[in-house]
Structure formats: structure tokens, C-alpha cells
Amino acid sequence: MSAEQRLTDLGIELPDVVPPVASYVPAVRTGQYVYTSGQLPMADGALLATGKVGEGEGLVDPARAADLARTCALNALAAVRSLTGSLDSVARVVKVVGFVASDPSFTAQPAVINGASNVLGEIFGDPHARSAVGVAVLPLDAPVEVEIVVELA
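First residue of the sequence shown: 0, per numbering that gives the first Met the number 0; consecutive thereafter.
Here it is in C-alpha cells:
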């Protein structure tokens with residue numbers, strides 16, 4: 000089954016490509032690979048949440064952060080599709096890098112980035128290499144940021 004068909008079957012509609020907030024492009028193709036810029040959890044031109052991820056009052060709940068990571072991954076796929084015309088040209092997701100703006104006591108960054116990895120797995124099937132990194136702050140005070148590398152068929 001094609002990636003585009005899996006999107007339909009999963010009821011996922013990719014968003015429009017998020018416009019850059021600085022001096023970069025959403026994705027670059029080189030040879031058989033597409034590298035995306037870091038994607039924030041944006042929808043309809045707005046950041047869906049701000050703040051640090053962790054347990055407690057005033058922090059972004061880890062389950063919510065995982066959902067935001069999913070949004071980031073879908074934004075990354077939109078950037079890929081903008082260069083390739085179709086996700087059916089993607090042979091596999093090679094690498095996912097996820098950044099989590101973390102409260103100093105929070106250490107479950109991998110569980111947050113599972114939000115991105117799980118949706119990519121549902122669409123493409125194959126596992127990918129991955130990093131999940133805790134950071135002090137992200138652009139626009141976003142809780143998560145995700146970038147991907149895909150190989151084209």
C-alpha cells in the first residue's frame with residue numbers, strides 16, 4: 000500500500016507547509032535524500048502550545064507533548080511532499096531528530112518523541128534511526144521540535 004493511501008486510511012490530512020520563521024527553507028533535496036528543517040507544532044499559522052515539558056503545574060504534560068511531536072512530524076512530511084509531489088516517492092524515513100524543551104527534572108524525552116516516530120511508523124512501516132534530546136529552550140518557546148531525513152525511491 001502506498002504512503003498516500005495509508006494517510007487516507009488513517010484519516011490523516013497533511014497540513015500546508017509551515018512558512019519559515021527565519022532564514023531557511025522547510026526542506027532541501029540532495030540526491031536521493033530530503034532533509035527537513037526543524038518543524039514546530041504549528042497549525043493554521045499558530046503554535047499549538049508553549050513552555051517546558053514536565054510533570055506539574057505550568058508545564059506541558061508529556062502526553063500532550065507527544066501529540067505535539069506528532070504534529071511536528073506531519074509538518075515535516077508536508078515539507079517533504081512540497082519537494083517530491085507525493086509521499087509515494089519516499090522509500091523510507093532514515094532519521095528522526097527530536098528536541099524537547101524540558102523542565103530540569105524531566106528525563107522522558109524518548110517517550111515524547113515517540114509521538115513523531117509512531118505516526119511515521121504507521122505511514123511508512125519501517126523503523127528509523129532517532130535521537131531525542133532535552134534542551135533548555137526552543138524557538139518561539141515551543142515545547143518540541145522535530146526534523147526528519149527521508150530516502151527517496
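Backbone N, C-alpha and C fix where the C-beta goes; we use that ideal spot for every residue, glycine too.
- In the DSSP assignment, I147 falls within the beta strand (DSSP E) that extends over 143-151.
- A Cβ-Cβ distance of about 16 Å is found for the pair P142 and L73, leaving them out of contact under the 8 Å criterion.
- Taking 4 residues as the minimum length, the alpha helix (DSSP H) runs contained wholly in the region 60-93 are 61-83, in order along the chain.
- T70 sits away from I147, with the two beta carbons spaced by 8 Å or more.
- When secondary structure is reduced to three states using DSSP, G97 falls in the strand class.
- Taking each of K51, D87, N113, Y32 in turn and checking the Cα distance to V136, the smallest one comes out for K51.
- Contact between A110 and A65 holds: CB atoms are separated by about 7 Å, below the 8 Å threshold.
- When C-beta atoms of the region 87-94 are compared with those of the region 36-46, fewer than three pairs fall below 8 Å, so the two segments do not count as touching.
- Where V111 is concerned, the enclosing alpha helix (DSSP H) starts and stops at 108-123.
- The beta carbons of G124 and L67 sit no closer together than 8 Å.
- Among the bridge pairs identified by DSSP, V134 is matched with A100.
- The C-beta of G53 has 16 or more other C-beta atoms within 10 Å across all chains shown, which makes the residue buried.
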